[in-house]
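Input: a single structure, listed below in C-alpha cells.
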Ligand SMILES: Cc1cc2nc3c(=O)[nH]c(=O)nc-3n(C[C@H](O)[C@H](O)[C@H](O)COP(=O)(O)O)c2cc1C
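In the numbering used here, the protein residues as written are 499 to 880.
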C-alpha cells in the first residue's frame, strides 16, 4: 500500500485549468518553496537536495543522477517540469507538442479503471468487451490504474517554444529535459506532407535547446485504432527525415505495445539500425473499451468508446514489451537504449524494469498520485 497524495494534475479540473493553474499538491508546494528562496544559492541548494541521494548514471550520453523520470503527458508546461526536477525526477519529458494549436478532448479526461484481474492483457478480450471506468480512484497509489483521454492537445509554437526553452534551463545538475512531439495528421494529408510536419515540429523542439528529442508514434494514423507505430515503414521514413534535420541530438521514439516480435524487429531495422533513433521508449497506454457500471459508454462523446489505459494494470504488458525489445536488440546486434514505461508505482517496479533491460525508467500515473516516487527509489537504492 502506498499512500495517495493529491495528484499534481487535478483530474476534477479541465485540461485548460490544469495548464493555467497547476501543478497541484506536492508539486505546487515544491514551487512555492522555490519561490520563497530569494537567492539563486537557495535554488541551487533545493535542486541539489533532490539529487543528493541518487546514483550517478548517464542517459543517452547526458549525466543523470538517477535514470528515472516522468514520461510525456502529465507535465503540461515548465511549471510542471520544474516541480518534477525539484522533486528529484531527473528525466522530465515536456508534454507532446505539435506544429499548430490543437484542442483537448472534452472534460472529463481522466477516469479510474478497474479491470477484472489486476491487469489488462493487451492480447486478451477484456479490453474489447469493456472495462469498468468511474471516478473512484481508491486509496492506494501503488495500485492505481486510469484512463487518459486528451487527444494530445498543443499550444501554438509561439507559446510552447519559449516555455520549453525555460524548462530546459530549469534542469538541475544531473537532470535533463526531453522535448516530445508528434506529427499532426489531418484528413487527406499525404505521407510526404505528414513527414514534413514531423520534421518541422522536430526542428521547433530543437530550437528550444532540448538535449533529447522524443517522437510519439503511438498516435492515431489513418483511423481510430490504427497507430503510427503499426506502420514501421512509415515510422522509418519519418525518423530518417527527422534525424537528417536534428543531426547529433539524441532521438527516441515512443512505442505502444506491439504484439508480434516481427513488428518489433521491423521497427528496429527501420529506425535504430539506420542510426536515426538512439532509444525506444515503451509502452504507451493500452486502448480499451470503457464502460460505466450500467454497461454504457463511460466517456461522453463520439469516438470516445475506447480510451488509453495506463498505471498498475499495464505493468505486466510494459515489462513483457521491454524484455521482448531487449531480446530483439540482442538478436539483431543493433545498439540502442530502451526506456521502460508502464505501471511503475514503486521502487520494486523501477528495479524490475531495469532488470528487464531498460536503461531508464519512467512513471506517469504512479508519479501523479505519488510525487515522492523518485525520492523513494533513491532511498531504496541508497
Ligand atoms: C495524463 C497523461 C497524459 C499523457 N499524454 C501523453 C502524451 O501527450 N504523449 C505521449 O507520448 N504519452 C502520453 N501519455 C502516456 C504516458 O507517457 C505513458 O506512456 C503511459 O501513461 C504509461 O505509463 P504509466 O503506466 O506510468 O502511466 C500520457 C499519460 C497520462 C497519464
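All C-beta atoms, glycine included, are put in the ideal place defined by N, C-alpha and C.
Since this is a predicted model, take the numbers as computed values, not measurements.
- Under the three-pair Cβ rule at 8 Å, the stretch 656-674 does not count as touching the stretch 600-616.
- Counted as a single uninterrupted DSSP element, the beta strand (DSSP E) harbouring residue 612 occupies residues 608-612.
- When C-alpha distances from residue 582 are compared across 876, 875, 877, 866, the shortest belongs to 866.
- DSSP places residue 864 in the helix class (H, G or I) of the three-state scheme.
- Between the alpha carbons of residue 853 and residue 637 lies a distance of about 29 Å.
- Relative to ligand 1, even the nearest heavy atom lies 8 Å or more away from the CB of residue 521.
- Short note on residue 662: C-beta not closer than 8 Å to any heavy atom of ligand 1.
- By the CB criterion at 9 Å, residue 750 and residue 837 fall inside the cutoff.
- Across the set 619, 505, 714, 675, the C-alpha of 714 shows the shortest separation from the C-alpha of residue 682.
- Collapsing the DSSP output to three states places residue 592 in a strand.
- Here DSSP, grouped into helix, strand and coil, assigns residue 556 to strand.
- When C-beta atoms of the stretch 502-509 are compared with those of the stretch 628-645, three or more pairs fall below 8 Å, so the two segments count as touching.
- Every alpha helix (DSSP H) stretch that sits fully inside the stretch 640-675 and reaches 4 residues is listed by chain position as 655-667.
- Annotation: the continuous beta strand (DSSP E) that includes residue 787 extends over 784-789.
- For residue 709, the three-state secondary structure derived from DSSP is coil.
- Assignment of residue 779 by DSSP, reduced to helix, strand and coil, places it in the strand class.
- Counting only residues of its own chain and dropping the five nearest sequence neighbours on each side, residue 576 has a CB closer than 6 Å to the CB of 661, 664, 665.
- Residue 850 and residue 817 have their alpha carbons spaced roughly 8 Å apart.
- The alpha-carbon separation between residue 731 and residue 819 amounts to approximately 20 Å.
- In the three-state reduction of the DSSP assignment, residue 805 falls in the strand class.
- The residue among 759, 600, 627, 863 with its C-alpha nearest the C-alpha of residue 514 is 600.
- By the Cβ test, the stretch 856-866 is in contact with the stretch 838-848, since at least three Cβ pairs between them sit closer than 8 Å.
- By a beta-carbon distance limit of 8 Å, residue 584 contacts residue 528. Their separation comes to about 4 Å.
- C-alpha of residue 792 to C-alpha of residue 644: approximately 19 Å in a straight line.
- Checking the 8 Å criterion, the Cβ of residue 606 is out of range of every heavy atom belonging to ligand 1.
- The straight-line gap separating the alpha-carbon atoms of residue 710 and residue 794 is approximately 42 Å.
- Rounded to whole angstroms, the separation of the alpha carbons of residue 597 and residue 704 is 13 Å.
- With a threshold of 8 Å, the Cβ atom of residue 853 does not count as near ligand 1, since no heavy atom of the ligand is closer than that.
- Of the residues assessed, residue 809 falls on the buried side of the cut-off, its CB having 16 or more other CB atoms within 10 angstroms.
- With a contact defined as Cβ atoms closer than 8 Å, residue 763 and residue 830 qualify at about 7 Å.
- Shown here, residue 572 sits in coil according to DSSP, grouped into three states, outside any helix or strand.
- When the beta-carbon positions are compared, residue 775 and residue 737 come within less than 9 Å of each other.
- DSSP links residue 741 through a beta bridge to no other residue.
- Cβ atoms of residue 748 and residue 567 stay farther apart than 8 Å, at about 15 Å.
- Under the 10 Å beta carbon count, residue 869 is surrounded by 16 or more other beta carbons and is classified as buried.
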